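In the working numbering, the protein residues as written are 99 to 355.
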Ligand code: OAD
């Protein structure tokens, strides 16, 4: 269990005073569950591949078995992972404040920790569908025991097309309902509310634009990230710690308040 963090007074005051908390999460949220972030060095078989280049319609068109092998391995990692204390703290936060979670993550660790997620901006790993006709794929195809470089995707029962993960690739549009829910959650914020930005590098838009939209509503924007990100400068407060250290500490101050 990681140690909890010391929180700056301004952060404690802001969180205690908030009625609503919008939580924007990125890959760093799941790092302590053992899921590598996108911009960390990858390990093993995948260390020579840039995830940003695999997550594209072009990569899929050129070599579906390579792209599916990468996602099949991530599905296995996520399935075997557990929510970390940061995920669990956000679920607890909902007992204290109106909480909306908007995530760029394609895993289901928030849900498994007991949170309701307002929006999965980049889709969900397990919402498999046919790449050709769009029909949902029921069930889970067989997953490799070990990372391998090529796995033939399952075939659609209707049209025989290759089955792809339900994620948003670079160049694809975000799910309409996820964007609508996010805009509604931002629109519901007012002065005195808080936007927590957890574990994102802030370089992929539109997600990277949401913290400043929250600030424009009058919310106090707080970053939780062990290192500086592209968003640090626009945040009112930064807490340099990990999700599993900082988020439980935030809930503790509400328990005490
Ligand atoms: P990145 O991998 O770009 O950034 C992860 C961030 O998490 C970095 O700023 C790290 O410093 C921070 N971090 C690492 N460990 C952490 C921890 N334990 N606690 C808190 N923060 C930690 O991930 P995203 O910003 O989520 O998109 O990437 C955005 C999008 O780019 C992804 O959704 C994906 C990717 O390519 C698509 O696939 C469309």
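Note that the Cβ used here is the ideal one computed from N, Cα and C, for glycine as well. Since the structure is predicted, the reported quantities are computational estimates derived from the model, not experimental observations.
Are the Cβ atoms of residue i and residue j separated by less than 8 angstroms?
| i | j | result |
| --- | --- | --- |
| residue 209 | residue 215 | yes |
| residue 300 | residue 324 | no |
| residue 153 | residue 248 | no |
| residue 113 | residue 348 | yes |
| residue 131 | residue 207 | yes |
| residue 322 | residue 295 | yes |
| residue 254 | residue 283 | no |
| residue 217 | residue 235 | no |
| residue 133 | residue 190 | no |
| residue 378 | residue 342 | Nothing in the structure corresponds to residue 378, since the chain is present only between 99 and 355. |
| residue 316 | residue 288 | yes |
| residue 202 | residue 312 | no |
| residue 213 | residue 175 | no |
Quick one, which of the options has its alpha-carbon nearest residue i's?
| i | options | result |
| --- | --- | --- |
| residue 281 | 219, 212, 104, 107 | 219 |
| residue 286 | 176, 273, 305, 314 | 314 |
| residue 328 | 146, 297, 342 | 297 |
| residue 244 | 206, 173, 156, 316 | 173 |
| residue 275 | 221, 188, 123 | 221 |
| residue 179 | 309, 290, 278, 128 | 128 |
| residue 240 | 268, 157, 177, 136 | 177 |
| residue 268 | 158, 115, 110, 320 | 158 |
| residue 108 | 229, 353, 334 | 334 |
| residue 162 | 273, 228, 135, 145 | 228 |
| residue 164 | 319, 250, 303 | 250 |
| residue 97 | 123, 326, 318 | Nothing in the structure corresponds to residue 97, since the chain is present only between 99 and 355. |
| residue 303 | 138, 272, 147, 169 | 272 |
| residue 246 | 137, 330, 144 | 144 |
| residue 169 | 326, 182, 136 | 136 |
Just to check my reading of the structure: residue i and residue j have Cβ atoms closer than 8 angstroms, yes? What is that Cβ distance to the nearest angstrom?
| i | j | result |
| --- | --- | --- |
| residue 103 | residue 337 | 6 angstroms |
| residue 332 | residue 310 | 5 angstroms |
| residue 263 | residue 226 | 6 angstroms |
| residue 171 | residue 242 | 7 angstroms |
| residue 160 | residue 186 | Rounded, the Cβ-Cβ distance is 40 angstroms, inconsistent with contact. |
| residue 351 | residue 119 | Going by Cβ atoms, the distance from residue 351 to residue 119 rounds to 13 angstroms, so no, they are not a contact pair. |
| residue 116 | residue 290 | 6 angstroms |
| residue 155 | residue 270 | 6 angstroms |
Kindly indicate if chain C contains any beta-carbon less than 8 angstroms away from that of residue i.
| i | result |
| --- | --- |
| residue 255 | Among the chains of the structure shown, chain C does not appear; only one protein chain is present. |
Please list the segments of the alpha helix (DSSP H) lying wholly inside the segment 272-314, counting only runs of 4 or more residues, in order along the chain. Complete alpha helix (DSSP H) runs here, min 4: 274-285, 308-314.
Segment contact, 8 angstroms Cβ cut-off, at least three pairs: the segment 187-197 with the segment 250-259: At 8 angstroms Cβ cutoff, the stretches do not touch.
Inside the segment 123-205 only - alpha helix (DSSP H) runs reaching at least 4 residues: Complete alpha helix (DSSP H) runs here, min 4: 149-152, 155-160, 162-178, 183-191.
May I have a chain-ordered list of the beta strand (DSSP E) segments no shorter than 3 residues that lie completely inside the segment 208-244? Taking only runs of at least 3 residues, the beta strand (DSSP E) segments lying wholly in the segment 208-244 are 215-218, 221-228.
If you scan the segment 306-355 from start to end, which runs of the beta strand (DSSP E) of 3 or more residues do you find wholly inside it? If we require 3 residues or more, the beta strand (DSSP E) runs fully inside the segment 306-355 come out as 318-322, 335-337.
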